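Participant: Okay, handing you the structure first.
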Amino acid sequence: MTPADDSRIDPAVVAELYERHQAELRSFLIGVLRDSHLANDALQATFTKAMEVGHTAMRESLKGWLFRVALNEALAIRRRQQTRDRALQRVAWSRPDASESPVESVARRETVDVVRAALDELPAEQRRVVCMRIYEEKTFAAIAEELNLPLGTVLSRMQLAIRKLRLKLEQDS
Amino acid sequence: MQTNERDELDWLAFRYISNEMTATEADAFEQRLANDQLAREAVARAVDLVQAVADLPADVVSLATTQHSPFAARSIRPRRVLGLKTWIAAAAAAIVIAALGQQLLRDSSDESALAKVWAKMRSGHDANDSSDRELLADSEDSMLDDEADLTVPAWLIEAVGGESDSDKWEDS
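Order-wise, the sequence lines are chains A and B.
Counting along the first sequence from 1, when you hit position 113 you're at 113 in my numbering, and nothing is skipped either side.
Counting along the second sequence from 1, when you hit position 74 you're at 1074 in my numbering, and nothing is skipped either side.
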């Protein structure tokens, strides 16, 4: 074993980091790449890098370090594959991920139940905008046109709905 | 972090993952992501929220957007409902005309009978109309109460409305 190997991060630490942060990291990567398969690639590259150079990250929060590495990996993947163009395609948010564990699957279903209840509590006009934007994947401009509303009203409704949904999710988590 | 700042960050993150930013805004937000852990976590939260809504069964979303929605009620009018409404309106008009005719016959000596009945009908109608207006005003107030909390800046409206999706990413 070389001296460099001696200084490497303990694989058990990396495994623990993976267990603790991979779900949030994966969501973050989907947000950047808008593609669950590419997000998985970036996640794998992130933890590979953690194994290789994670020992250099001890000075700062390991979680923050992981996210920064993940962002760099995601941007590199996007540059390589020109995924900015692909991001224009329909985003398959709801496609079930093959790598999802049973525990994650249960957690996801619970989240869906909470969101369903939270949606029910929204005023009808906010719920309508949420469903049109997220479920029907219409742009805000298209929603404003379809509902014959000023764009500012549509944006306000969505922003208020996001705030309420987030608070509800936090209360129930 | 203050609640307002957090709301603002969540909103930015939502717009980022939804391609509702200009190329310049998206680039600026990605630069922020390079250094701001809270912004990264906001992106993860936004994705979780969007996925949860997108995972809802179609029937739930369909109910959410039609049953309770005044917009849907206004836009979706089956022919049968329209037909029924037409018949009800016609019947109501016939009743009003019959009542008007009877009153005129009873008070035929008075030349101003028609004017009186008309004035009576108008005053009743105005009273109803004014209560309707109050109801409508109340309803609009309640609907807009929390919307008034938010002022959407002009640049945001321009960002999401003034540029097509394809422009946003191709320009960057």
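Ideal Cβ placement from N, Cα and C applies to all residues, glycine included.
Computed from a prediction, not measured in an experiment: that's the story for all the values here.
1. Can you tell me where the alpha helix (DSSP H) with B/Glu1025 in it begins and where it stops?
2. Are there three or more Cβ pairs, one per stretch, closer than 8 Å when the region 152-162 of chain A is compared with the region 123-142 of chain A?
3. Which same chain residues end up closer than 6 Å to A/Arg166 when comparing Cβ atoms and leaving out the 5 residues on each side of it in sequence?
4. From this set, B/Gln1002, B/Thr1003 and B/Gln1031, which residue's C-alpha is nearest B/Tyr1016's C-alpha?
5. At which residues does the alpha helix (DSSP H) containing A/Met51 begin and terminate?
6. Just the C-alpha distance for A/His21 and B/Asp1048, rounded to the nearest angstrom, thanks.
7. Since A/Asp172 and A/Val114 should fall inside the 8 Å C-beta cutoff, what is the C-beta to C-beta distance between them, to a whole number of angstroms?
8. Compute the distance between the beta-carbons of B/Ala1052 and A/Thr111, then report whether it is under 8 Å.
9. What do you reckon, are the CB atoms on A/Glu73 and A/Thr46 nearer than 8 Å?
10. I'd like to know whether the C-beta atoms of A/Leu43 and A/Ala70 end up nearer to each other than 8 Å.
11. Based on Cα-Cα distance, which residue from A/Tyr135, A/Arg34 and A/Leu66 lies nearest to B/Asp1055?
12. What residue from A/Ala50, A/Ile30 and A/Glu145 has the CA that sits closest to B/Glu1041's CA?
13. Indicate whether at least one CB of chain B lies closer than 8 Å to the CB of A/Phe47.
14. Is A/Val32 near B/Val1043, with beta carbons less than 8 Å apart?
15. For chain A, is any of its Cβ atoms less than 8 Å away from the one on B/Gln1037?
16. Determine the direct distance from the alpha carbon of A/Val129 to that of A/Gly152, and round the result to whole angstroms.
17. Closest to A/Leu169 by CA distance: which of A/Arg116, A/Ala50 and A/Val53 is it?
18. Closer than 8 Å between beta carbons: that is the criterion. Which residues of the region 1040-1057 of chain B meet it against chain A?
19. Buried or exposed for B/Ala1003, going by 16 or more other Cβ atoms inside 10 Å?
Facilitator: Let's see:
1. Counting from 1 along the second sequence, the entry for residue 1025 of chain B is found at position 25. It spans Ala1023 to Asn1035 - the alpha helix (DSSP H) in which B/Glu1025 sits, taken as one unbroken run.
2. They touch, by the three-pair rule.
3. The residue given as residue 166 of chain A occupies position 166 in the first sequence. Same-chain partners within the cutoff: there are none.
4. Position 16 of the second sequence, counted from the first residue, corresponds to residue 1016 of chain B. The residue with the shortest Cα to Cα distance from B/Tyr1016 is B/Gln1031.
5. In the first sequence, the residue the question calls residue 51 of chain A occupies position 51. A/Met51 -> alpha helix (DSSP H) spans Ser36 to Val53.
6. Taking the first sequence and counting its residues from 1, one reaches residue 21 of chain A at position 21. Taking the second sequence and counting its residues from 1, one reaches residue 1048 of chain B at position 48. Roughly 14 Å separates the two Cα atoms.
7. For the purposes of this step, residue 172 of chain A is taken as the residue at position 172 of the first sequence. For the purposes of this step, residue 114 of chain A is taken as the residue at position 114 of the first sequence. In this structure A/Asp172 is in contact with A/Val114, their Cβ atoms being roughly 5 Å apart against a cut-off of 8 Å.
8. Taking the second sequence and counting its residues from 1, one reaches residue 1052 of chain B at position 52. Taking the first sequence and counting its residues from 1, one reaches residue 111 of chain A at position 111. The criterion of a C-beta distance shorter than 8 Å is satisfied by B/Ala1052 and A/Thr111.
9. Locating residue 73 of chain A in the first sequence gives position 73, where the first residue counts as 1. Locating residue 46 of chain A in the first sequence gives position 46, where the first residue counts as 1. Going by C-beta atoms, A/Glu73 is nearer than 8 Å to A/Thr46.
10. Translated into the one-based positions of the first sequence, residue 43 of chain A becomes position 43. Translated into the one-based positions of the first sequence, residue 70 of chain A becomes position 70. Cβ distance < 8 Å, so A/Leu43 and A/Ala70 count as in contact.
11. Residue 1055 of chain B sits at position 55 when you count from the first residue of the second sequence. Comparing Cα positions, the closest option is A/Tyr135.
12. By 1-based counting over the second sequence, the position of residue 1041 of chain B is 41. If we check each option's Cα against that of B/Glu1041, A/Ile30 comes out closest.
13. Counting from 1 along the first sequence, the entry for residue 47 of chain A is found at position 47. No, A/Phe47 lies away from the interface with chain B (no Cβ there is under 8 Å from its Cβ).
14. As a working note, residue 32 of chain A is residue 32 in the first sequence. As a working note, residue 1043 of chain B is residue 43 in the second sequence. Taking 8 Å as the cut-off, the beta carbon of A/Val32 is found closer than this to the beta carbon of B/Val1043.
15. Residue mapping note: residue 1037 of chain B aligns to position 37 of the second sequence, counting from 1. Residue-level contact check: B/Gln1037 touches chain A, since one or more beta carbons of chain A fall below 8 Å from its beta carbon.
16. In the first sequence, the residue the question calls residue 152 of chain A occupies position 152. In the first sequence, the residue the question calls residue 129 of chain A occupies position 129. Taking the straight line joining both Cα atoms gives about 12 Å.
17. For the purposes of this step, residue 169 of chain A is identified with residue 169 of the first sequence, where counting begins at 1. For A/Leu169, the nearest C-alpha among the options comes from A/Arg116.
18. Near chain A, meaning a CB-to-CB distance below 8 Å, the residues of the region 1040-1057 of chain B are Arg1040, Glu1041, Val1043, Ala1044, Arg1045, Ala1046, Val1047, Asp1048, Leu1049, Val1050, Gln1051, Ala1052, Val1053, Ala1054, Asp1055 and Leu1056.
19. Taking the second sequence and counting its residues from 1, the one referred to as residue 1003 of chain B is at position 3. This sequence places Thr at residue 1003 of chain B; Ala is not what is there. Exposed, because fewer than 16 other Cβ atoms sit within 10 Å of the Cβ of B/Thr1003.
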